[in-house]
Structure formats: C-alpha cells, structure tokens
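So our numbering is basically just the index in the sequence shown, starting at one, shifted up by 29.
We treat Cβ as the ideally placed atom computed from N, Cα and C, and that holds for glycine.
Because the structure is a prediction, the values reported are computed rather than measured.
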Amino acid sequence: MWKWITLLAWIFVLFSGGTLAATSLHHQLQVEIYPTQNSLEVVDTLTFKAGEQNSALVFKLHAALKIKRIEISGNAVPINSVDQGATAQGVSWAAYSLPMPPEGGTAQITYAGQIGHKVSPGKEDYARSFSDTPGLIHSGGTYLAATSLWYPYFDNDLITFGLQVTVPGDWEAISQGERKKHIRSVTATQVEWEEQAPQDEIFLIAGPYQEYTQHHGQIEAMVFLREADPALAQKYLDTTGQYISMYNELLGPYPYKKFALVENFWESGYGMPSFTLLGSRIIRFPFILHSSFPHEILHNWWGNGVYVDYQQGNWAEGLTAYLADHLVKEQRGEGVIERRNVLQKYSDYVNNGQDFPLIDFRSRHSSATEAIGYGKTLMLFHMLRQKMGDHRFVHALRTLYQEYRFKRASYSDLEKIFSTTHGSSLKSFFSQWVNHAGAPELHLANVQVVTKTDGYELKLDIEQKQVGVVYELDVPVSVTLEGVDAAFQTVVQLTDTNSEVSISVPARPIHLDIDSEFDVFRRLDSQEIPAALSQGFGSEQVLLVLPKAASTELAEGYLAMAKTWQQSQNGNWQIVYDADLTRLPTDKTIWLLGWENRFLSEFKQSLPQNQVDLGATSVRLADSLLSKPEHSLVLTARYVNNPEQTLLWVASNRADALPGLTRKLPHYRKYSYLGFAGTEPSNIAKGQWRVTTSPLSQSLPGLRTASQTNTAKMKTRSALASLPPLFSQHRMMQTISILADEQLAGRGLGSPELDKAADYIAAAFKQAGLETTFQEWQETIDGKPGITNLKNVIAVIPGSDPAFAGQSVVIGAHYDHLGLGWPDVHAGDEGKIHFGADDNASGIAVMLELAKNMAKSSKPKRSIIFVAFSAEEAGRLGSRYYVQHSDPYPAEKIIAMLNLDTVGRLGDNDITVFGTGTASEWVHIFRGAGFVTGYGVNSVKKDAGFSDQKSFHEVGVPAVQFFGSVHADFHRPSDTIDKIDGKGLIKMATVLKEAVAYLAERPVALTVSDAIKKNRNSDAQLPLSAPKKGRKVSLGTIPDFNYSGEGVRITGVIPDSPAALAGLLEGDVLQSLDGKKLKDLAAYAKVLRNLAVGAKVTLIWHREKKTMSQKLELVPR
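(1) Name the two residues that bound the continuous alpha helix (DSSP H) containing E492.
(2) Out of curiosity, what's the CA-to-CA distance linking L1107 and H855?
(3) Figure out for me which residue from V641, T615, L610 has the closest Cα to the Cα of R627.
(4) By a C-beta neighbour count over all protein chains shown, 10 Å radius and 16 as the cutoff for buried, is S968 buried or exposed?
(5) Whose CA, out of V896, A880, A897, lies closest to the CA of P889?
(6) Based on the DSSP secondary-structure assignment, which residues constitute the bridge partners of H211?
(7) What are the boundary residues of the alpha helix (DSSP H) that V961 is part of?
(8) For W678, which three-state DSSP category applies?
(9) For L1051, collect the residues of the same chain with a Cβ closer than 8 Å to its Cβ; drop the 5 residues on either side in sequence, then sort them by chain order.
(10) Could you compute how far the alpha carbon of W462 sits from the alpha carbon of E529?
(11) Give me the Cα-Cα distance between G850 and G860, rounded to the nearest whole angstrom.
(12) Taking C-alpha atoms, which residue in E808, Q807, Q66, I823 lies nearest to A793?
(13) Please report the straight-line C-alpha distance between V496 and R552, rounded to a whole angstrom.
(14) Of the choices R776, S1101, G798, A117, whose alpha-carbon is the least far from that of H1000?
(15) Ignoring anything shorter than 4 residues, give me the alpha helix (DSSP H) runs that lie fully in the region 254-317, in order along the chain.
(16) Looking only at its chain, what residues have a beta carbon closer than 6 Å to the beta carbon of I1129, apart from the 5 residues adjacent to it on each side?
(17) Does the Cβ of S915 have 16 or more other Cβ atoms within 10 Å, making it buried, or fewer, making it exposed?
(18) Does DSSP put D853 in a helix, in a strand, or in coil?
(19) For the candidate residues D419, E771, L192, Y789, whose alpha-carbon lies nearest to that of A748?
(20) Looking at the structure shown, is P1145 part of a helix, part of a strand, or coil, going by DSSP?
(21) I'd like the span of the beta strand (DSSP E) that includes T1127, first residue to last.
(22) Would you kindly check if the distance between the Cβ of G1011 and the Cβ of T941 is under 9 Å?
(23) Could you tell me whether the Cβ atoms of V1020 and M926 are closer together than 9 Å?
(24) Cβ atoms of F253 and L348: under 9 Å apart, would you say?
(25) Answer yes or no: do A1103 and R1132 have a C-beta to C-beta separation smaller than 9 Å?
(26) According to DSSP, simplified to helix, strand and coil, what is R552?
(27) Are L372 and G334 closer than 9 Å when you measure CB to CB?
(28) Tell me, please, whether the CB atom of L849 is closer than 9 Å to any CB atom in chain D?
(29) For S572 versus K617, is the C-beta distance shorter than 9 Å?
(30) Can you give the beta carbon distance from A217 to G198, rounded, assuming they're within the 8 Å contact cut?
(31) At a cut of 8 Å, does the region 257-270 reach the region 158-178 through at least three beta carbon pairs?
(32) Measuring straight from C-alpha to C-alpha, what distance separates E153 and S597?
(33) When the distance is taken between beta carbons, is I539 closer than 9 Å to L687?
(34) Using only the alpha-carbon positions, how far apart do Q137 and L233 sit?
(35) Can you tell me whether M1017 is helix, strand or coil according to DSSP?
(36) Counting along the chain, where does the alpha helix (DSSP H) carrying D442 start and finish?
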C-alpha cells in the first residue's frame, strides 16, 4: 500500500494567514531522538522561495511539541498561537503565526516534546488491513510522517528538505532521498538525508537495524532489518535491482538515488518515496518478493514520482496495481485469472450503496473501496491498453512520467496525454469510467448461424442489463470454427442497451465466447465466478449455522468464530444452530460449521462435480487428500437450490486450530477451497474451482476434430515488460558450447579431453572467487584398459555459523559423457562423437552460473559445496568416491544434495524434481520455490536412481535430481547444443537457488525418509567400481518420468520402433514385459537389460480402462 496522505482527510480548516506557492519551501531539520523518553528535539530552518509576498504565514504542529524559540533571519520573534484542534486520526495540533522573512532570509523554529500514538489494529473485514499509527517514538522504533505533525506544516503544496538525525548508537535513521552522511559510534548514530526533488511530506523512520547495501548502476539498493539475516537481505537486494531495471526500461529513469526495504516494528505495508516500510512477518512471506514488493517499488514512479491531485481522484493505485500486480501475473501466464479475480472482487464486495465513481477514490479502507479504487482503475488502464495497443500505451505512460515527474497529475491530465498519443479524443472513455459509479452487465441472446456462399455469418445480440449509464464498450469476441484449432478473434463496439452484432467467419462456427479473457470491466454473472470465500465475507446477508451435535470444546470454538466474524465483518451476520432450522434459506450466504453439521449432506450435493470428493472422514481434491483427524478444511459451493448464493463449510477436528482459522480465513478470500494442518494452522492446500459454464458462452451445432475442445486456442499475449533474470542465459549457453564442442570429443572417461573439461570448470569456479580443489584418485574399471585417473572438481562457499560447522548443502552435476560411445552406445553410433550437450553440459552450466551468482553475495550459515562429478556414466564413480571422502564436510553432515542432470531441454514443461520422497520437506520446498519464481515444479517422490543423487541416498543423505525432459537424443551423437532451451536453463537456476538458499539457512536438518535414514546408520562400505551394464535392446518407448503410479506411463514412441509398430500411444501405462511385472521405471530398465536382440516378448499395457497386449520383437538399441 502506497503511504500517501489525503490532505483533505486530516488537514483541517482554512488557514487565516497566507499560503505558499507550490514547491516554495525548504526544510533543513536537525533532529535528536530519545526513544526511552518517547521524545525528540528539533531545529527546523526554513528557506522560502524568493518573491513570496505574504506578510505572515500560519503553520501547524503537534500539540505535544512545545516551541522554545522562533527566529526570523537570526532575530527572535514572539511565539504566537492562533488556533488549535485535532485531525481525523486523533492528533491534537496547535497553529502558530509566522512572520514572512525578508527576501533571502530564513525562519528557524526550535521545539521539543513527545509523540506516542499507539498502534491501532486494522479493520478485520478487510483482507489487506494493517495496523497503523499517526506517529510514534518508542523504545522499539520510531515512525514519523505528515500525520504526526512532527515538523511545521504549512498550507503549501510540495516541499524539499535536508534532515540531520541523531539516534542511539545501535539505531539507524531512514528517510526519503539520498544519504549524505552516516557516522556510527557506540553511543550515537548520525545520519543526514537530503531530497531536492519536491515531496508531499517528510518521513522519519528509526530503530535498531542491521544494514545491507548493493549497487545496481547508479541506484543503491538498501535493506534495513531488525535482526541480522544476510540471506533474506540478499533476496531483497537482488529483487530490487531486477524490478528497477525493468521499470527503467518500461517507464523511464528511477527518480531517486536509492530504494530501501525497511523492516517495521509492527505489521505494515507502506510505500514511501525511495523506500518501503514492511512488517516483520510480511517480509518473510516468500511470495512478497514478487507481489507487494514490486508494487511498492513502482510507486516511486506513480504516487511518489508523479503525484496525485487528490481532489480529482487517486489514479496511482490502480495504475501501480496494473503495472505491478497484474504485470507479474501476466509474465507468469496468469493475466486472465488475475483480471477475473479483479472483477470477482468487484462483483462480490461492491453491493448496493457501496459503489462510487473513481473521481471520489482517495485510499482503500475496506474490500469495497479496494475493489473500486484498485480494481476498477486497474481495468481502466487495461482497457486503454487494449484500445491503443501496447506501443502507444507505453509511449503515453512514458510521456506522463516525463511531463509530470514531481508534479501533480489528475485524471484530466491523463486524458489529455493518452488522447494525444492515441491520436483521437478519449474524453468519453474517461468520463464514463471515472465520473460514474457502476459497471456494465452483459447478456448474450439470439445467436444465429447463417450460411453464406463465401463462408458463414454469426448473428447475435449483446445486451447491457445494468441500470443507469449505457457504456461505449470494445468487447472481444472469439469463435471456435469447425476443423480449426486457432480461435477466430475480433472486437465489437457496443453503444446501446441492445447491440445487434454480425460477424463473418470463413468456416462453420461451433462455439462462441464473449469477453472470455475478461478484458472489459463489468459485473460478472455468478456462473462466471467460482464459489469462493469472498462471497462469504462480502455478502450483505449472512447466516452462520453451528453444529448442535459437536463436542463441547468444538462447539465453543465454532461459536467464538461466529461471534468474531459477526462483530468484525461488514453486513448482517446471524448465528443459529442447525437443530433450529428445518431447511436452509435460499436468500442468504450460508456458512456451515463442523463435520457434525446436519446440513453437510445438502452442502455435498452443491459441490462442483468431478473436482472434489467429500467423504465421511476425508476430502479428496485434485492433488491432495485431506482427512478429518489431521486437517482443518474449508470448501465452498454454489447453492444447488439458488446458484446466486454461496454455501461455505468450515470444519476441524481440533478446537485449538479454530482461533487461527478465525484469524486467517479473511485473508484467503479468493480461494474456493483450503486445507490447513496443525494448531497454527498452516495452509497446505488452496485453489479455485474450475468454471465450466458461462452465460456469455454458447455451443453451436457443428463437427469437431478429434483434437478440438469447445474453445479453440486464443492468441498468445506478450507481457508488457519482462523481468531481467538474475542469471545469464548467454553465459550458460557459452559453457555448453565449450563442453559440447567437437574439440572435447564427447568428454569420454580417462581422455585428455575430459581433463580439459575439468580444468575449464575449475577455472570458472576460481573466477567466481570460490575455494576450488581437485579430488583425484585412480581406479581399475571394467571395460577400460589399465588404471584410469579420475577427478572431481570441488568449490566451496564456507558457512558462517559455527553452530553448523562441517554441515553442507551439496549441488552436483557430472561433467563426463560417452566420448565415442563408451559405456552405453546405440547400434550404429559406435565411434561417433557423443557431444552430451544436454547430458550433462547443461547441468554443469547451471551449476557454474549458480556458483557465480551465490559466490558474490551469499554468506550462508551452512557451507554450500559445488561438485562436478566424474565417471557418472561408468556407474556414478565420482559421486560414490565423494561421499566416502568428503572431509572436512563428511557425508553424515550433508543435510541435502541437489543434482543437475539433463536439464537443458525444459521447453514448455514444468521442472521435474526426482526423489522428493527422500525427505518430507522436499515437496514443500519446491512448492514454495515454484510459487516465488512463478515456474512450475513437478515433485516426483520416486527416484529411479539413474544419476549421482543415488550415491547420496546410499549413505543416508536426502537428495533430488533436477530434470528437463525426455527426448530421443539421449546418449546419442544428436545430443547437441542447437537443441538446448536457454530460457529453461534460467528457470532451472532460479528454482535451484531458492531451494539452496533455504537449505543453507534452515535451522534444523530435513526429516529423512525411513528408507534413506537406514543407510545413514549403516557401516557398509560402498563398492567404488560399478560401471553401468548397458542395455542392448530397445522397445522404442519414451517414458514419463513424472508418473508416480503403478507401471510405466509413456509420453510417446520413437518412429518405426517396435512400440510404434504395436500402436502404443502417449498416456499408455506399461504393465508387464516378457511376463515380468513393470512396477516402475527401475523395474522396466532391469527387464530390458536382461533381454537379447531379436527376442520375441509379450507387452501388456493399460489404455484408459482397457487392457491391451501385443507380441513384439526387440531391436538393437
């Protein structure tokens, strides 16, 4: 939330004295803060703009601050109080008369006193509500803003200032602008801040802080934390640089010298000029980095760069939400969902009497004001973008910023700039959206298909059902055509209550969608919106139904929940017991509480089909099973007896979890279902139901191809801007090009080319500044003559916490490949260079890039060890040797290992991580990493054990493998760099860093699975020489490594292979081969290894619900 102050909300009555022109005043403040006394002393030297003609001025100051002296050009003048009163936030003030200094002169005001307004909680009915105070000096910290009236406030517009602050020696002081001086001693810290650009107000934040800095070009990124946490600080420093770089490119140069994240001493979410003030819990939520944080950074362009003319409405919040919140979702392919959520909030929260025009929006203080001031304004800018096109839209934004930087701009100013850029007047557009309350409500009617000689004509009516203003709308229409995979898309203009539309299409239309991507601001029909908690908390008439049959403890908990919401939420909330109702009403939103609720069966009938299964003691969702004994559950449904109303069900078998649910659920409003664990409770499942019907969609008679669904594919939209990655795609591709070059001849085991690869990797580690060593040994290897020299390449970022001495997180990737085909060569490939671009130059490239990134900035608590393993292709010899000879970081102190193998062909797939079943936390770690980065991660519990992570499993270390995709070039000469997905490498590195950074700081070890744990307790020595036994035969199937069920699912077949000739298809699940059950991939590989070329075997597989079989003849691999 941008911390702006609506002057009209708290600045009082008109001044009796003269006023100042805009930007006519400079404050030079000298401040000493005494936290234990809740007080400060200030000397403010005021310089007025030359040419001011007022004989006297009036300023206001906090009533508890007593003026000691006023001087005009060095001469004392009487202290003349002229008025007193209080602001809307309860700050008492006194007004004083000040003679105007002569031209070139100054006024100096010396004052002191206490400011101690308690932090008051935010409204409970508001999902984003925060506690607040107009001003506080406290032993825990200081917060002073214009609302504090801590400096003389004149009725001028914008000001400049310099600020010299003295605070205790273990404190820091932060304000907007550039830090000019910083001296810290045992007894005191002296800081000087200066801002010469015009400002709305002056902030002063102080407290016991640890400071972290990092330069991004000319901008200094800063983090001030109340406790040392370098890993957290580094995340914010890096992310600051990414977003400032992106917005510089999109909008124009960042307007300040620094941007700082400052941890507050209460939970807040404020964006000030050049810094943001966020609460301790908030900054530790992983999703904040790419949600609220970029929102606050962007406010330095809109709100704190271009100022708002408050009297004509606050446009800055909606524009910031569009270019931050919406843009992040758009970058992640979720723009449509985000816009639907925006429209859903308006539809759920803005009811009769709560609507108002955008010109009246000042700040949000409820769900309804947020839905209008943020959501409707966001959609205004989205509709402008659709009307103008991306290029002109961005040009208008840049012009607005250039012309109004450090000036106030109104909707009228925006209208002029956008109209000029658009090339025609947008006056009516701005007028209908800014000056009028409400939203259009669209209805589709009278759809007809007319056959023409040159195609088809689609006729339809689109009606505007809302009361009041009739809108001029550009409405997208998409048509699915018979036999055509891509949708026919067009835009129609609506100007009347009923618009007759005619669309000519080249093929028979079979499905029609109106505004299916939610590009128009409108009130949604209930059928377009999934049932969600927002309807439960946004309704005017709410009924809470308590279970009479619940235990005493649960009954008391449910009653406390009901009473809390009754008192804190908007609307009329009634509480009844299920025993007192004969049936549920159909004209209210209804909350059913408890497994014991006698209306649970009726609720079950309303749940969406094929999306949830509510049993007697459990709930099965698409990706999780939640049980009555272990979990707290929340489900929503459209009431089967009245789909306009919503039923919500909250149930827990734990009374001690109910207070947490009561507190948390208002913050999960957009979700259709939720699952929680524990007493806190912690969220473990959440999501929205799929919407399967819409009154703005209609199926038409026609034929569909086998691949066609009801809705054809829409055009892909590009995001308005791209976030610069932390990792270099070019550098990673360059590494692959070197390792997979013909000169390294496939990096065969024991070859001089493999030694060159090792030298290259060691040099890269050293260039990154890491401690680097070779781990060298010799072995006799089956299939290789004589003794083979082997070496692993090891680099270390040392841990910083003595409590974790010897502990490590290992990142590994093997750098060897098959050379000219040994030990695993396909028939016909003998003697050819196997380049190994994906396997595994790609893994080395990602590892080196991560090492370079983390070496320059990380000071992890645990040591982070990067190992390039040799001889993986010969039976994991390198990783097996490492786990037996890993001192001074012994295997028993390795808390986790992350292996990169074959990560270079991700494409549109989710990142696959094998082996997440080796520790219970893995799945949560990668779910969080995926959420933070926006990249899909598929956690696979099983591990076929084909790569170096298996060596760590064998000594009891939980380990996983990152993987890209299956392809037919595996272990073939065709595994070349031209097929590598460079963008996918960035995704791999980004997710990997999230996991590694977490593991390096995690206070306790992972919870290792029993199967892995027993290996840690074993004294057995690992065999060091175990070359792989290569398969000689091929069936031609491409396995689905993401499948975790019984059998082996395939994603396709190699052309002309036995599998292809047998008619196997994607999705088939192999069950047995040659009479041997195929439990999983490991069993499948074992069976194939024991079969001979030419063998005729029977393959049995499942396709959907059918069992199929075929006799096949195996061919050479």
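Result, derived from the coordinates:
(1) Note, E492: premise wrong, no alpha helix (DSSP H); beta strand (DSSP E) at 484-493.
(2) 23 Å
(3) L610
(4) buried
(5) A880
(6) V220
(7) 951-962
(8) Looking at W678 - three-state DSSP - the assignment turns out to be strand.
(9) Residue placement at L1051 is flagged as unreliable, the pLDDT there being 49, under the threshold of 50; the coordinate-derived value follows with that caveat. Within the same chain, and ignoring the five residues on either side of L1051 in sequence, the residues whose Cβ sits closer than 8 Å to its Cβ are R909, V912, Q913, S980, E983, V984.
(10) 23 Å
(11) 6 Å
(12) I823
(13) 12 Å
(14) R776
(15) 259-280, 309-312
(16) Q1100, S1101, S1138
(17) buried
(18) D853 falls in the coil class under three-state DSSP.
(19) D419
(20) strand
(21) 1125-1132
(22) no
(23) no
(24) With a cutoff of 9 Å on beta-carbon distance, L348 and F253 are scored as not near each other.
(25) Before going further, note that residue 1103 is Asp rather than Ala in the sequence given. No; because the gap between Cβ atoms is not below 9 Å, this pair is not in contact.
(26) Look at R552 here: in three-state DSSP terms it is coil, with no helix or strand label.
(27) The answer is no: Cβ separation not under 9 Å.
(28) The chain labelled as chain D is not found in the depicted structure, where only one protein chain is given.
(29) One detail in the question is off: residue 572 reads as Leu in this sequence, not Ser. Closer than 9 Å, so yes.
(30) About 5 Å separates the two Cβ atoms, so the contact holds.
(31) These segments do not touch.
(32) Bear in mind that the predicted position of E153 carries a pLDDT of just 46, short of 50, making it unreliable; the figure below should be weighed with that in mind. One C-alpha to the other measures close to 5 Å.
(33) no
(34) 20 Å
(35) Looking at M1017 - three-state DSSP - the assignment turns out to be helix.
(36) 440-451
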